Amino acid sequence: MNETEDARGFRQWEKVGRRVKKGAKAFYILAPVRKKVPVKVRRVEKAVVEGEEVVIEIEETVMVEKLVSFKPVRFPLR
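Numbered according to the numbering used here, the sequence shown spans residues 1194 to 1271.
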């Protein structure tokens, strides 16, 4: 959107030996915000008990990372 392929933070520019011009304007990019949420998972297992095949349903809760929103992150222009 800002006609650049090289978006970095101020410290990242310093690490590669570049300087941000005084008075340069910044632009914002959208960074994903993820959150771990519990999700119920149901699985089926087959077992042999006393010579008979038994189907067991197991329900458990696992934590899954989910995209919840985007936040603006500021980067200086060249």
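Every residue gets a Cβ at the ideal spot worked out from N, C-alpha and C, and that includes glycine.
Just so we're clear, the structure is a prediction, and the values are computed from it rather than from any experiment.
Comparing C-alpha distances from residue 1237 to each of 1250, 1243, 1229 and 1230 shows the shortest one belongs to 1250. Separation of residue 1213 and residue 1259 (C-alpha to C-alpha, rounded to the nearest whole angstrom) is 35 Å.
For the pair residue 1226 and residue 1261, the CB atoms are nearer than the 7 Å cut-off. Nearest to residue 1230 by alpha-carbon distance, out of 1257, 1263, 1264 and 1196, is 1257. In this structure, residue 1242 sits away from residue 1255, with a CB-CB distance that is not shorter than 7 Å.
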